[in-house]
Every structure is written in C-alpha cells, then in structure tokens.
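Chemist:
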Amino acid sequence: MGYRVGVDIGGSFTDFAVFDEKTGKLSSMKTFSRPDEPGAEVIEGIRLLGERYGISPGEITYFTHGTTVGINTVIQRRGLKLALFVTRNFEDVLEMGRLKGPDMYSLLSKRPAPLVKRSMVFGIEGRLNADGSERFPLDDASIVAAVDAARARGAEGIIISLLHSYRNPEHELAVRARVEELWPGVFVNCSSQTWPIIREYERTITAVIGGYVQPRVAHYLGSLQQALKKAGVTCEPRLTKSNGGIMSAEQGKRDCVQMILSGTASGVIGAAHLAQSCGITRCLSLDIGGTSADIAVISDGQPKFGSGELIGDFNIHIPSVSVSSVGEGGGSIAWVDDLGVLKVGPESAGSRPGPACYGRGGDRPTITDAMAATGLLGHAPLGFNAVNVDIEASRRAIATLSDRLNDTIEQTAETILQIAVSGMYTEVSALISKYGIDINEFSMLAFGGAGPMLGCYLSRELGVKETVVPLVPGVLSALGGLIADLKSDFLSTVYLDLSEGDAVLIASEYARLKDRAESWLGDEQGFDGDFRVTASADMRYKGQSYELDTPIDLAAALAGDVAAMSAAFHAEHARMYGHSNPAAPLQLISLKVVITGIGDKPMFEEQEVVPARAEPQRLVRAFMDGDWRDVGLFSRYDLSAGSHFDGPAIVAQDDTTTVIPRGHSCRVDRNGNLRIVKGDQA
C-alpha cells in the first residue's frame, strides 16, 4: 500500500492528484508551471507533497505524468532541424499537403510554413508499386548525395517517407541502414515505423512531427527519470498517451509521437470516468486551463476517438481522443486590434509572468483578470494559496483596454468574458454538427482551473440541461492519468477489395496484430493483469474517397469472417450517415487492434444525501449581466450531499472558483459534485 500520484502540467499550473491506496482518500495540489525549466515543477511538487501531506517519495508506488513538451515544441517551432528523404519527384509533399487553406472563408488565409524547408527535402531514386512490389530498385548514389547534402546544410536528423511504404517498408529500411552507415549516430526515422497509414501527406507529416519533437521529448523524459530517482521515487514513471491510455517512460522516449496530445487526453479520460460513475450518459467535457479551452464529447462513459487532431498548424494522424481546442484559457490575453475591435487570445500570459492579478509581474489583461475586475474572483486565495488575487492590478490592466474602447472597466471585463464564451460556443457548434448530437440532452462537465468560472455561462448559451462541477475540478486531468489504462494501437494497411478469397490473409494479419499487442503489454510494459483486445477495420464502399473506422467482433476478425465484416460496415455506415448499400462492393484499407491493460481504479466513497438549504458565508458585490449585484459567497468545504442554493452565487475552493449566474440553482449530489441547472430545483 502506498500513494498513486498523477501529474498534469498546464500553461499556468501543474496539478497533482494523490490517491491513498489504504484509506481511499484523494488529495490534490498545485504548483506554478516552469516552461523555462520543464520538469522542475514536478520535483517541486514532490517536495511539497512531503511538506503538506507527509508523503515521502519512497511511498509513491505509482506515478503518471501528462506533458505538453511535445505539442509546445511544434507550436513554438523549436524542434529538430530535419532533412526529409522522399521518393524522387515527390519532394513537394509537405508544401502541397491537401491543397487546403487554414480558413476556407478568409481571402487572406495563408498556409503555414512546413516544419521541413523545401531546401531540406531530398529525392531518392527507386520506387514501389501500389501493391508493394518493386518498380525501380533503390539507387545508392542518390542516397549518398542526399546524405551529403543534408549534412552540409546542417540537418540534425533525417525522416524517410517513401511512396507506398505502408504496403512494403523494405525501401525505407534499406535507406535507413545506408544512412546510418554513412552518418553514424544521426537521428533517423521511417514513416512506416511511425504509423504506416495510406496517403503520402498524412503519413509524412505524422512522421515529421514525431521526428521534430523526438530528441527534445526524449531528453526531457530522461531528465525526469533521473530527477525522480534522485528525489527518491523508485517506481517507473508512466506517461499518458494521445489515445487516452498510458505507457512507460522508456517507450515514450522511443515513440513520443504517441504522447503528443497526452495532456488534453488525460482530462477527457478523467471526465469520462467521472461521468460514468455519476450516471451521466451524454456529456460535454469543458477543460479550461491557463492557455486553452478543450472540449470533447463523451457518450455512455466513453470519449469519442479519431485521427487528424490539430497540433499547432498541422494535423497529426494517429489514434487519439478527439478534442477541440480554442485559445481561450484563464491566462489568454485580451487586446484591441488596429480597427479598435476587442479580441481575446490566443496568446497566453502563462505562469510567468501570468495574469496581472497574480502579482508576478504581468501587466497585460487576461480572462482571469476580467473575472477579478468584475468581483467574481479574489474572495479566496487561488491554487492552494499560491496566489492572492490583486483585484486592483487586474482593474489597472483592464483599464488599458477600456480607455481605448471608451467604456467602463466592468463592462470591458464582462465583454472579454462574453467574447471568450462566444469562441467556445463556435467550437461546440462544430462538434454538434460533426457528431449529430442533440445538445439539450447533454450535461456540461466543467473542470480545469477556469472551467467552473465560465462553464455556466457557456451552458446557458448552448442550452445544455445542466452544468456539473466535480469535487476536485482543478486537478481532474491529473486524476485522469491515475485512472487511465495501459493502452496501445496496432495497424496493418492491406488495401484490397474485400472478398472471401482474402479471408486467410485477413485472419493471419489480425492474428499477427494481436500477438504484437499482447507482446507489447506483457513484455514491454510488464503488465500481467486483466486485459481487453478489440478489433476494427478502415473500410469503404468501392469508389469512395475516405474510409470509415468500423468495429469488428474479435472472433470474426481472427477467423477472417468476410461476411461479418461486411455486415458490420453496412450497419456502421447506416448509423453514421443514415443509409447503406449492402449490394455494393467494399474495400478494406487497414486492420486495427487495440489492447487495453485494465488497471485498478480509485473508488470514491458516496455521501449520504441530506437535503438542506445552504447559507452563504457572506454577500459580495459582483458585476454580472450588466450591473453590480449582491452575490452569495459559499465555501465548497461547507457544502455536503443534499446542500442546495440559488444563484447568483460564487463557490470558492482551493483549486478553482465556480460562478453560478442569476436564474440558476445548485445542489450537491452524493458524489460531491455541484449540479447546476437553470431555474429552481430546490
């Protein structure tokens, strides 16, 4: 028995969730993030765990960690200087992409500069056919010339992405071997080993992003391992992955592309677990931290998954929790453009210097400052006493905008909040269209440091049925790391017309993927508990341009049951698009297997519900809905299951502040969650 520790590093704060395996008690803590020295906040947090809770490093038996090092490297463009080796005459693959502009409605939209400059892309003679057979052999002279040129131009690593390598990796592997012979010690990676999907651009950009961040992430993880060991933490750290699972730090150093979205995925996994435990079948998760607002759809306790999530300016095509992000977090900076229009984000004040009200040297107005300037924030310390809110500093910062806008400080601050909510509304509207959901049937689960501050405002605009604020909303992402399972995806691209003649091939490929998955779980991750294996296939009607990920019964997959696979696709197509054509021929693009090692989950004790009207500690003045009002101030720690009260109200706690507008009421459920609805529920 010991302590399980989950850590999530955000733009402003690093969150710690600590679960006592003996008592079942969950504790939480925050420290300021250290973007200038990644990893330092983790070590500082471990020191504070001993200081505040008496937990020694040797008592930590399980340690999970979500990091934004990879995604920040791409966003800030501070990765490796790469050379890209492609099939001759395909050197423009990154420039051409899919010929889409970032904003199809803007005449001024510009495509981002690629991560690898055109001058660092080199063609290799030799080519495979679409079926993986060799059309032209590799030309050694072209490999030598490419290596010499890359070396002369200062390349720090090489990515190899050749035509049709998803069907046959031999050419890529041969080029890699020759590169390593010509240039010993250089970092080199192949697209077929990163994620062997069809479509040249998607496979190439995924491999490039992986190579771009690999050395920096590997160095960070290595330093973290050493620092944890030096601090006395003996367990091997695990990392949250983009697909909502976890893996060992050692694998993360080799395969960091799989953890590039680890931070956002952790929050969704934590939200999904909470929604399931509370019986919420339809849920939107709203995770607002210091830099962004991340929104995801959760149905029946499971988040939506997808591929092609946006990383900075680029899409990365690996399996991941489907999350939509907007640059409107608590630290997002408000500003006035040259035309006198007030805007919010995407630039963030981060943790250094942070919002003006933090008193750490920041003087630019942020969303957090807008909350403070309107009196909605600042009635209790923030971040476990890390911040005493300086309301006057926030008002001075907002005044730099209100003077330009010829408006009051309070009205300008409230407008900042309205703009932020509007941006989130737009993003949720896109999700509603994408998944075809009825938003009125959904609950909004608001968490993160700023989620409960803005959650009710967004819920009011969307028309969701309730807003739910968990017991420890500020550290739910860290909790997500604690409850995540070991999980990995395995793929084989076969690209064939689906027919009974291919049943043996399909069965053998699924069996091979299943063996790889079980070997990964047992041999690489050292897991010997219960596990689950699921199968799916990317399929489409012949003639369609894009495929549909179709769940396949594992027994049918291992038997190569073509009829069962066809029936599954027609049913999935009808579910997704409202129609199907069972008589139409099908194409099978790729086979997938996902293995999940099911870990122990913390069990949280339910409280006895005793209905009682809660009384505020006192009334405070706050600017809400265009006027100053008397608002009830409540402490989260004075509320118990069954407590209920009406808005307008502010609920303060160590890790966040919840704002409840007029015309809303709140009750506390048996799990300690705030359940906020429009109208009177008392």
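Here this note's numbering is used: the first residue of the sequence shown is 626, the next is one more, and so on.
All C-beta atoms in this analysis are idealised placements derived from N, C-alpha and C, irrespective of residue type, glycine included.
All values derive from a computational prediction rather than experimental measurement.
(1) Under 8 Å, do Arg-629 and Phe-641 count as touching if we go by C-beta distance?
(2) Please report the straight-line C-alpha distance between Ala-1307 and Gly-1297, rounded to a whole angstrom.
(3) Quick check: what's the CA-CA separation for Asn-754 versus Ile-992?
(4) Looking at C-alpha atoms only, which residue of Cys-815, Glu-1039, Ser-957 is the closest neighbour of Glu-795?
(5) Ile-1131 by DSSP, collapsed to three states: which one?
(6) At 4 residues or longer, what runs of the alpha helix (DSSP H) sit wholly inside the region 673–718?
(7) By alpha-carbon positions, which one of Gly-857, Asn-697, Leu-798 ends up nearest to Phe-939?
(8) Counting along the chain, where does the beta strand (DSSP E) carrying Asp-756 start and finish?
(9) Do Ala-1162 and Leu-1087 have their beta-carbon atoms positioned less than 8 Å apart in this structure?
(10) Please determine if the region 1166–1176 and the region 1188–1195 are in contact, where contact requires at least 3 C-beta pairs separated by less than 8 Å.
(11) For Gln-1278 versus Arg-1261, is the C-beta distance shorter than 8 Å?
(12) Indicate the three-state DSSP secondary structure (helix, strand or coil) for Leu-864 in the structure shown.
(13) What beta strand (DSSP E) runs, 3 residues minimum, are completely inside the region 1057–1102?
(14) Helix, strand or coil for Ala-1307, going by three-state DSSP, please let me know.
(15) Ignoring anything shorter than 3 residues, give me the beta strand (DSSP E) runs that lie fully in the region 942–999, in order along the chain.
(16) Going by DSSP, what residue range makes up the beta strand (DSSP E) through Leu-1001?
(17) Determine the direct distance from the alpha carbon of Leu-1264 to that of Gly-892, and round the result to whole angstroms.
(18) Note down the Cα distance separating Cys-903 from Gly-1154, rounded to an integer number of angstroms.
(19) Assuming contact is defined by CB atoms lying nearer than 8 Å, are Leu-674 and Ile-871 in contact in what I supplied?
(20) By the three-class DSSP mapping on this structure, what secondary structure does Ala-1209 have?
(21) Assuming Pro-990 contacts Ile-958 under a Cβ cut-off of 8 Å, what Cβ separation, rounded to an integer in Å, is found between them?
(22) Grab the span of the alpha helix (DSSP H) containing Ser-887 for me, first residue to last.
(23) Round the Cβ separation of Ile-783 and Ile-834 to the nearest angstrom and send it over; I've been treating them as touching at under 8 Å.
(24) Would you decide whether Asn-1065 is buried or exposed? Buried here means 16 or more other CB atoms lie within 10 Å of its CB.
(25) May I ask which residues mark the beginning and end of the alpha helix (DSSP H) holding Ala-1193?
(26) Compute the Euclidean distance between the alpha carbons of Lys-742 and Gln-839, then round it to the nearest angstrom.
(27) Short check: CB of Gly-915 to CB of Ser-973, under 8 Å?
(28) Is Val-1094 near the ligand ADP - that is, is its Cβ less than 7 Å away from at least one heavy atom of it?
(29) In or out: Gly-1073 buried (at least 16 other Cβ within 10 Å) or exposed?
(30) Run the CB neighbour count on Ile-830, radius 10 Å, all protein chains shown included, and call it buried at 16 or more, exposed below.
(31) When DSSP builds the beta bridges, which residues end up paired with Val-1293?
(32) Could you spell out where the alpha helix (DSSP H) holding Pro-1176 opens and where it closes?
(33) Tell me, please, which residues DSSP counts as bridged to Tyr-1166.
(34) Going by DSSP in three states, Tyr-730 sits in which element: helix, strand or coil?
(35) Could you have a look at Arg-907 and say whether DSSP puts it in helix, strand or coil?
Modeler: Looking at the coordinates:
(1) The criterion of a C-beta distance shorter than 8 Å is not satisfied by Arg-629 and Phe-641.
(2) For Ala-1307, the pLDDT reaches just 43, beneath the cut-off of 50, and the residue's location in the model is therefore unreliable, although a value from the coordinates is still provided. Spanning the two alpha carbons is a distance of roughly 17 Å.
(3) Their Cα atoms are separated by approximately 55 Å.
(4) When each option's Cα is compared against that of Glu-795, the closest is Cys-815.
(5) Looking at Ile-1131 - three-state DSSP - the assignment turns out to be helix.
(6) Taken in chain order, the unbroken stretches of alpha helix (DSSP H) that lie wholly in the region 673–718 and span 4 residues or more are 694–701.
(7) Taking only the C-alpha atoms, the option nearest Phe-939 is Asn-697.
(8) That residue, Asp-756, is in no beta strand (DSSP E); it is neither H nor E in DSSP.
(9) No, they are not a contact pair.
(10) They touch, by the three-pair rule.
(11) Cβ atoms of Gln-1278 and Arg-1261: closer than 8 Å.
(12) Looking at Leu-864 - three-state DSSP - the assignment turns out to be strand.
(13) Segments of the beta strand (DSSP E) lying fully in the region 1057–1102: 1068–1072, 1091–1094.
(14) Any reading at Ala-1307 must be qualified, since the residue scores a pLDDT of 43, below 50, and its modelled position is unreliable; the value itself is stated next. In the structure shown, the three-state DSSP call for Ala-1307 is coil.
(15) Here the runs fully enclosed are 949–951, 957–961, 967–973.
(16) That residue, Leu-1001, is in no beta strand (DSSP E); it is neither H nor E in DSSP.
(17) So the two alpha carbons sit approximately 25 Å from each other.
(18) Straight-line Cα distance between these residues: approximately 26 Å.
(19) Result no, Cβ atoms of Leu-674 and Ile-871 do not sit closer than 8 Å.
(20) Residue state, collapsed to three classes: coil.
(21) Right, the Cβ-Cβ distance comes to about 7 Å (below 8 Å), so this counts as a contact.
(22) For Ser-887, the enclosing alpha helix (DSSP H) stretches over residues 887–902.
(23) Contact doesn't hold; Cβ gap of about 15 Å is too wide.
(24) By the 10 Å Cβ count, Asn-1065 comes out exposed.
(25) Residues 1187–1202.
(26) Straight-line measurement puts the Cα of Gln-839 at about 18 Å from the Cα of Lys-742.
(27) Yes, the Cβ-Cβ distance between Gly-915 and Ser-973 is below 8 Å.
(28) Among the components of this structure there are no ligands whatsoever, and the ligand ADP is therefore not found.
(29) Taking all protein chains in view, the Cβ of Gly-1073 is crowded by 16 or more other Cβ atoms within 10 Å, so the residue is classified as buried.
(30) By the 10 Å Cβ count, Ile-830 comes out buried.
(31) DSSP, once it has assigned bridges, lists Leu-1299 as partnering Val-1293.
(32) Element bounds for Pro-1176: not the alpha helix (DSSP H) but the beta strand (DSSP E), 1173–1177.
(33) The bridge partners DSSP lists for Tyr-1166 are Leu-1211.
(34) Judged by DSSP in its simplified three-state form, Tyr-730 adopts coil rather than helix or strand.
(35) Judged by DSSP in its simplified three-state form, Arg-907 adopts strand.
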